[in-house]
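Here the structure comes first, spelled out in structure tokens, and everything after it is commentary.
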């Protein structure tokens, strides 16, 4: 781009190199350009004095463009904030609330003993509080299965729920008392259910919520937890996903394979930087 502007405007290429380095606040780039120019001029026999004068012109252009490169970013941020009417206090509050609701995930078992939920669909029971917990599995008459949103609850159902410490009391109020069941009882059943970690590697998933993806209804699996930067989060429907997130998915193995394709699950791709967004800043 710098060379194209040089050709179109006729501006000295050394000056344009300094402007480019200053515009992107690239001091190492400035040093490399100066050293390259100096070495080439000395090699051509033009002398140290001429080389010093030439490199100083690059530095002068850099000094002029650098403040604009810094201030331009700040001005653009202020401009877009005003255009899109961003309330920073409100955004901060949303982030704080997401952290409070998302961290400290715990896994607990409950026995359905609340008559108010007998014969009701899970979607009806969790309508107002579905962002506080996730029902991972249900055991009914010894049979283990992954619930769907239209699964009807019955008295005596045993639920495996993932929730936060702050919301644990709510699950007890909705369904009944917590019961003692080991992980082995939930995981080592004859039912063809497996739990697997799947990594989000597709950029198209970034910014989409679990509610948008609707994997439970489409694939018959449950996303119970999300691991992000070492933090374990409850897989709430309104949780937005990012590349690099690891999801704990429970369901039939063939369905989990399909979900893995949806999210990518190719760890090797995480080691390759996405240069296009970096190029455009």
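Residue numbers (the numbering used here): 162 to 442. Glycine included, each C-beta is placed from N, C-alpha and C at the ideal position.
Cβ neighbour criterion (16 or more within 10 Å) applied to residue 330: exposed
Measuring alpha carbon to alpha carbon, tell me which of 303, 425, 241 ends up nearest residue 362. 425
Tell me the rounded alpha-carbon separation between residue 296 and residue 282. 12 Å
Grab me the residues of residue 442's own chain with a C-beta within less than 8 Å of its C-beta, minus the 5 sequence neighbours each way, in chain order. Residue placement at residue 442 is flagged as unreliable, the pLDDT there being 49, under the threshold of 50; the coordinate-derived value follows with that caveat. So no residue of the chain qualifies.
Could you name the residues of the same chain whose beta carbon sits closer than 6 Å to that of residue 261, not counting the 5 residues immediately before and after it, in chain order? Low confidence applies here, because residue 261 scores a pLDDT of 47, under 50, leaving its location unreliable; read the following figure in that light. Cβ neighbours of residue 261 beyond the five flanking positions: none.
Going by C-alpha distance, which of 406, 374, 284 is nearest residue 423? 374
Reduced DSSP secondary structure (H/G/I, E/B, other) of residue 360: strand
Going by alpha carbons, who is nearest to residue 417 out of 162, 286, 381, 194? 381
Between the segment 303-323 and the segment 267-279, are three or more C-beta pairs nearer than 8 Å? yes
Rounded straight-line distance, which links the Cα of residue 280 to that of residue 378: 20 Å
Expressed to the nearest angstrom, what Euclidean distance is found between the alpha-carbon atoms of residue 146 and residue 293? Nothing can be reported for residue 146: it is not among the residues displayed for the chain, which extend from 162 to 442.
4-residue-minimum alpha helix (DSSP H) runs that sit fully inside the segment 332-411, ordered along the chain: 344-348, 371-374, 376-380
Identified DSSP bridge partners for residue 252: Partner(s): none; residue 252 has no beta bridge.
Can you give me the C-alpha to C-alpha distance between residue 390 and residue 237, rounded to a whole angstrom? 30 Å
At which residues does the alpha helix (DSSP H) containing residue 188 begin and terminate? 188-204
Secondary structure, alpha helix (DSSP H): runs of 4+ residues fully inside the segment 200-245: 209-244
Could you check the C-alpha separation between residue 278 and residue 405 for me, to the nearest Å? 37 Å
Report the option in 215, 316, 266 whose CA atom is closest to the CA atom of residue 338. 316
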